[in-house]
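Under UniProt numbering, the first residue of the sequence shown carries the number 1, and numbering increases by one thereafter. Glycine is no exception: its CB is placed at the ideal position from the N, C-alpha and C atoms. As the structure is a prediction and not an experimental result, all values here were calculated from the model. For reference, the structure is listed below as structure tokens.
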Amino acid sequence: TNMFTSIVGNVFGFKALRALRLEDLRIPPAYIKTFQGPPHGIQVERDKLNKYGRPLLGCTIKPKLGLSAKNYGRAVYECLRGGLDFTKDDENVNSQPFMRWRDRFLFCAEALYKAQAETGEIKGHYLNATAGT
1 TNMFTSIVGN VFGFKALRAL RLEDLRIPPA YIKTFQGPPH GIQVERDKLN
51 KYGRPLLGCT IKPKLGLSAK NYGRAVYECL RGGLDFTKDD ENVNSQPFMR
101 WRDRFLFCAE ALYKAQAETG EIKGHYLNAT AGT
């Protein structure tokens with residue numbers, strides 16, 4: 001899934017392109033065999049977050065590049081404190097010199113716990129652990 005998002009998502013997001021159509025995409029069978037599918041479904045997420053009877057509200061933290069780990073954590077906190085159920089890393093976010101994975105993890109965990117304490121609700125943040133760390 002990261003491959004498709006990285007290729008199609010980024011290309012279709014270029015503002016300089018006025019028109020673009022994907023006509024064919026061939027994924028090697030060997031690559032397809034590596035995808036195990038999602039580990040669980042929406043009911044498990046609802047159970048983890050204790051949220052039922054309404055849509056789950058979440059967002060991808062932006063910008064995906066350029067923030068320090070501390071400011072990234074602050075964005076997570078503000079989103080969760082503002083009412084979202086969860087936040088997530090962009091699929092392309094990994095360990096960068098200006099924002100190491102471990103630092104991002106620690107600041108996001110701090111943000112999540114702080115938002116939970118202030119709202120009394122269970123919150124979530126989904127870190128990208130599929131890319132190199």
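What do you get for residue i, buried or exposed, if any count of 16 or more other CB atoms within 10 angstroms of its CB means buried?
{"i": "Met3", "result": "exposed"}
{"i": "Arg104", "result": "buried"}
{"i": "Tyr77", "result": "buried"}
{"i": "Asp47", "result": "exposed"}
{"i": "Trp8", "result": "Note on residue identity: the sequence assigns Val, not Trp, to residue 8. Classification of Val8: exposed, given that the 10 Å Cβ count is below 16."}
{"i": "Ile61", "result": "buried"}
{"i": "Thr34", "result": "exposed"}
{"i": "Thr133", "result": "Low confidence applies to Thr133: its pLDDT is 43, below 50, so where it sits in the model is not reliable, and the reading given next is rough at best. Flag for Thr133 reads exposed."}
Between residue i and residue j, what straight-line distance do the alpha-carbon atoms span, to the nearest angstrom?
{"i": "Pro97", "j": "Tyr72", "result": "14 angstroms"}
{"i": "Arg81", "j": "Pro29", "result": "43 angstroms"}
{"i": "Val44", "j": "Leu65", "result": "30 angstroms"}
{"i": "Ile27", "j": "Gln36", "result": "15 angstroms"}
{"i": "Lys15", "j": "Arg21", "result": "14 angstroms"}
{"i": "Ala111", "j": "Phe12", "result": "32 angstroms"}
{"i": "Gln116", "j": "Ser6", "result": "32 angstroms"}
{"i": "Thr119", "j": "Pro39", "result": "29 angstroms"}
{"i": "Ile42", "j": "Arg54", "result": "12 angstroms"}
Secondary structure at residue i, three-state DSSP: helix, strand or coil?
{"i": "Gly58", "result": "strand"}
{"i": "Thr133", "result": "Because the pLDDT at Thr133 is just 43, under 50, the model does not fix this residue reliably, and the point stays unresolved."}
{"i": "Lys88", "result": "strand"}
{"i": "Tyr52", "result": "coil"}
{"i": "Gly124", "result": "strand"}
{"i": "Gln96", "result": "strand"}
{"i": "Asp47", "result": "helix"}
{"i": "Gln116", "result": "helix"}
For residue i versus residue j, is the C-beta distance shorter than 8 angstroms?
{"i": "Leu17", "j": "Ile122", "result": "no"}
{"i": "Tyr126", "j": "Asp85", "result": "no"}
{"i": "Cys59", "j": "Cys79", "result": "yes"}
{"i": "Leu56", "j": "Gly83", "result": "no"}
Under 8 angstroms by Cβ, that's how I've got residue i and residue j pegged, so tell me the actual separation to the nearest angstrom.
{"i": "Ala129", "j": "Arg100", "result": "About 14 angstroms separates the two Cβ atoms, so there is no contact after all."}
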